[in-house]
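**Student:** I have a structure here, written as structure tokens, and I will follow up with some questions on it.
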Amino acid sequence: MKGKKKNGAKRQATDGNGQGAGFPKGAELELFIEDMGTEGEGIGKKDGFIFFVKDAVVGDHILAKAMKMKKNYGYARLVEVLEPSPYRVCPPCTFHRQCGGCQIQALDYRQQLKFKEDKVINNLKRIGGFLLLEDIPVIHPIIGMDDPYFYRNKAQVPIGMDKDGKVVAGFYAAHTHVIIPNRKCLLGAEGNERILDSVVSFMEEYKVPAYREEDGTGLVRHVLIRTGFSTGEIMVCLVINGGSLPYAEKLVEKLRMIKGVASILLNRNERNTNTILGEETATLWGQPFITDTIGNIKYQISPLSFYQVNPVQTKKLYEAALEFAGLTGKETVWDLYCGIGTISLFLAQKAKQVYGVEVVASAIADARRNAELNRIENVEFFVGKAEEVLPEFYVKGKMEPSANAKEAGGYGGSADGMLHPDVIVVDPPRKGCDPKCLETIVKMQPERVVYVSCDSATLARDLKYLCGEGYGVQKVQMVDMFPHTVHVETIVLIQKKTS
Numbered sequence: 033m034k035g036k037k038k039n040g041a042k043r044q045a046t047d048g049n050g051q052g053a054g055f056p057k058g059a060e061l062e063l064f065i066e067d068m069g070t071e072g073e074g075i076g077k078k079d080g081f082i083f084f085v086k087d088a089v090v091g092d093h094i095l096a097k098a099m100k101m102k103k104n105y106g107y108a109r110l111v112e113v114l115e116p117s118p119y120r121v122c123p124p125c126t127f128h129r130q131c132g133g134c135q136i137q138a139l140d141y142r143q144q145l146k147f148k149e150d151k152v153i154n155n156l157k158r159i160g161g162f163l164l165l166e167d168i169p170v171i172h173p174i175i176g177m178d179d180p181y182f183y184r185n186k187a188q189v190p191i192g193m194d195k196d197g198k199v200v201a202g203f204y205a206a207h208t209h210v211i212i213p214n215r216k217c218l219l220g221a222e223g224n225e226r227i228l229d230s231v232v233s234f235m236e237e238y239k240v241p242a243y244r245e246e247d248g249t250g251l252v253r254h255v256l257i258r259t260g261f262s263t264g265e266i267m268v269c270l271v272i273n274g275g276s277l278p279y280a281e282k283l284v285e286k287l288r289m290i291k292g293v294a295s296i297l298l299n300r301n302e303r304n305t306n307t308i309l310g311e312e313t314a315t316l317w318g319q320p321f322i323t324d325t326i327g328n329i330k331y332q333i334s335p336l337s338f339y340q341v342n343p344v345q346t347k348k349l350y351e352a353a354l355e356f357a358g359l360t361g362k363e364t365v366w367d368l369y370c371g372i373g374t375i376s377l378f379l380a381q382k383a384k385q386v387y388g389v390e391v392v393a394s395a396i397a398d399a400r401r402n403a404e405l406n407r408i409e410n411v412e413f414f415v416g417k418a419e420e421v422l423p424e425f426y427v428k429g430k431m432e433p434s435a436n437a438k439e440a441g442g443y444g445g446s447a448d449g450m451l452h453p454d455v456i457v458v459d460p461p462r463k464g465c466d467p468k469c470l471e472t473i474v475k476m477q478p479e480r481v482v483y484v485s486c487d488s489a490t491l492a493r494d495l496k497y498l499c500g501e502g503y504g505v506q507k508v509q510m511v512d513m514f515p516h517t518v519h520v521e522t523i524v525l526i527q528k529k530t531s
């Protein structure tokens with residue numbers, strides 16, 4: 033990103049030990065913040081030496097304290113805003129500086145959208161080597177939110193004890209496992225606070241201990257809350273360090289009084305791990321899932337299901353993906369990294385046949401149930417890594433076309449359609465697509481690839497590969513799925529070049 037060229041700092045600003053000459057730890061300095069880094073930190077220069085300052089926003093004139101010095105750049109802590117930026121706003125959350133969730137809540141929302149557009153475009157230029165207009169004809173303006181608060185349909189809230197032995201629920205401070213007691217996150221669903229109040233009061237009343245990470249004792253680790261925004265259904269899942277919850281029926285009584293609660297679950301996780309959910313889940317009351325809709329499609333969501341956290345923006349994201357796919361009803365589509373089939377089922381409304389691939393077996397079970405729930409028959413799901421399943425089908429089809437045709441017929445598709453799909457949609461994790469998967473996409477020669485990305489750096493890297501193999505970028509659309517954070521979702525249409 034502009035300004036974050038660490039090697040560009042002047043050599044004379046450092047001493048022989050790689051420490052900032054003239055900037056010892058604790059030194060106070062005035063900085064004008066002229067840019068922002070990819071993680072939302074402000075960037076300023078002093079005597080040509082670059083400093084990154086958390087909680088500073090572009091346009092601020094600040095007093096900062098040098099904290100950690102590297103050879104060509106340093107980190108500083110914001111001490112005082114001497115003259116606020118015209119883009120600085122007063123964050124409504126009093127914990128915004130402590131909490132690791134909202135990195136840029138102090139930045140005006142319109143400027144947040146510009147920051148995210150710049151972040152994506154700079155990665156496309158710097159990592160992908162793309163020239164705007166020449167290599168990318170169309171970059172649409174980012175799609176923001178009318179109301180960028182209370183948008184998250186999922187909360188994973190750690191439970192612990194304070195120094196006085198009282199139960200606390202909240203969120204981890206940035207880069208720590210220290211819990212900030214805060215039961216009302218301004219990004220979460222508005223009913224979360226009452227649910228957390230009920231869980232904490234239950235634990236206090238019946239002396240149910242919170243989990244202690246330092247020695248692995250205690251019981252309640254996290255509260256997972258999922259909300260169906262369209263249906264109003266709420267799931268409450270307690271993650272516990274044990275096989276059972278004492279007085280569980282009393283907790284059920286409390287939670288059933290809250291409007292919308294349709295599922296109360298226990299998830300068992302006795303491992304010493306940062307992974308929140310264990311593999312074993314039991315139903316205390318109600319259903320083992322909740323239901324939500326995106327557009328015309330219904331989805332059943334279990335505790336382990338991957339489901340986009342912002343339903344308002346997800347609809348816009350999937351509509352853009354559907355538009356980019358250019359479906360007429362005659363196409364065969366592969367949806368890689370398909371999760372519980374959210375995009376697959378959206379595409380199936382206008383495709384001839386859709387094949388979805390996902391490594392998580394429980395997600396594929398959800399995807400198949402969701403297809404049945406919506407009476408969608410032109411979709412089939414496979415368990416496995418996309419980088420393994422896709423090449424396997426390609427090689428098998430090349431070597432055994434008759435067997436593949438027979439197998440494919442059972443799926444309502446054709447061998448040729450599976451080997452040479454019209455469209456491939458990818459929605460990989462932050463690390464991007466596996467190289468083997470990208471190689472197979474090129475071998476299968478789809479007319480179009482629709483790439484949905486949550487990390488524009490790995491997106492740019494993968495686009496560079498595809499565009500070196502006979503494809504060209506046609507359109508880019510950014511969607512702000514995560515207001516007040518540095519994250520942004522991007523959709524790209526890649527088209528096979530005509531010779």
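Add 32 to a position in the sequence shown, counting from 1, and you land on the number used in this note's numbering. We put the CB at the ideal spot given by N, CA and C, even for glycine.
1) Less than 8 angstroms between the C-beta atoms of Pro320 and Ser337, yes or no?
2) By DSSP's criteria, Pro190 is part of a beta bridge. Which residues make up the other side?
3) Hey, could you find the ends of the alpha helix (DSSP H) Cys32 is sitting in?
4) Between the Cα of Asp398 and the Cα atoms of Ile333, Thr315, His172, Gly358, which residue gives the shortest distance?
5) With 8 angstroms as the threshold, decide whether the Cβ of Ala393 is near any Cβ in chain E.
6) For Val481 and Lys77, I'd like the C-alpha separation in whole angstroms.
7) Can you list, in chain order, the residues of its chain with a C-beta nearer than 7 angstroms to that of Glu419? Leave out the 5 residues immediately preceding and following it.
8) Let me check one thing: in DSSP terms, what residues is Asp67 bridge-paired to?
9) Is DSSP giving Ile227 helix, strand or coil here?
10) Using 8 angstroms as the cut-off, can you tell me whether the region 100-110 makes contact with the region 142-160, which would need three or more C-beta pairs spanning the two stretches below that distance?
11) Met476 lies in the beta strand (DSSP E); which residues open and close that run?
12) Quick check: the Cα distance between Lys529 and Leu145, rounded to an integer number of angstroms?
13) Which same chain residues, not among the five before or five after Arg244, have their C-beta less than 6 angstroms away from its C-beta?
14) Among all the DSSP beta bridges, which residues are the ones paired with Asp150?
15) State the DSSP-derived secondary structure class of Pro213, mapped to helix, strand or coil.
16) Indicate the three-state DSSP secondary structure (helix, strand or coil) for Lys243 in the structure shown.
17) Would you check if the region 192-202 and the region 214-231 touch, i.e. whether three or more CB-CB distances between them fall below 8 angstroms?
18) Among residues of its own chain, excluding the 5 on either side of Thr490, which ones have a beta-carbon nearer than 7 angstroms to its beta-carbon?
19) If the criterion is Cβ atoms closer than 8 angstroms, does the pair Ala206 and Gly132 meet it?
20) Please check the pair Thr263 and Thr325, which I expect to be a contact at CB under 8 angstroms, by giving their CB distance rounded to whole angstroms.
21) Just list the residues that DSSP pairs Thr325 with in beta bridges.
22) With a CB to CB cut of under 7 angstroms and the five nearest residues on each side skipped, what residues in its chain are close to Pro453?
23) Do Thr517 and Ile65 have their C-beta atoms closer together than 8 angstroms?
24) Using DSSP bridges, identify the partner residues of Asp367.
25) Cβ of Lys195 within 7 angstroms of any heavy atom in the ligand FAD?
26) Could you say which of Tyr183, Leu405, Val389 lies nearest to Glu222 if we only look at CA atoms?
27) Which of the three DSSP states, helix, strand or coil, is assigned to Thr374?
**Tutor:** Looking at the atomic coordinates:
1) no
2) His254
3) Residue 32 is absent from the model: the chain starts at 33 and stops at 531.
4) Checking every option, the nearest Cα to that of Asp398 belongs to Ile333.
5) Of the protein chains in this structure there is only one, and it is not chain E.
6) 42 angstroms
7) Asp466, Lys468, Cys469
8) Ile75
9) DSSP places Ile227 in helix when its eight states are reduced to three.
10) no
11) From DSSP, Met476 is part of no beta strand (DSSP E) but of the alpha helix (DSSP H) over 467-476.
12) 32 angstroms
13) Gly250
14) For Asp150, no pairing in a beta bridge is given by DSSP.
15) Pro213 falls in the strand class under three-state DSSP.
16) Lys is not the amino acid found at residue 243; the sequence shown has Tyr there. DSSP places Tyr243 in coil when its eight states are reduced to three.
17) Taking a cut-off of 8 angstroms on C-beta distances, the region 214-231 touches the region 192-202, as three or more cross pairs fall below it.
18) Arg462, Lys463, Gly464
19) yes
20) 7 angstroms
21) Lys330
22) Thr364, Val365, Trp366, Met476, Pro478
23) no
24) Gly388, Val457
25) The ligand FAD is not among the ligands present in this structure, which contains no ligands whatsoever.
26) Tyr183
27) Thr374 falls in the helix class under three-state DSSP.
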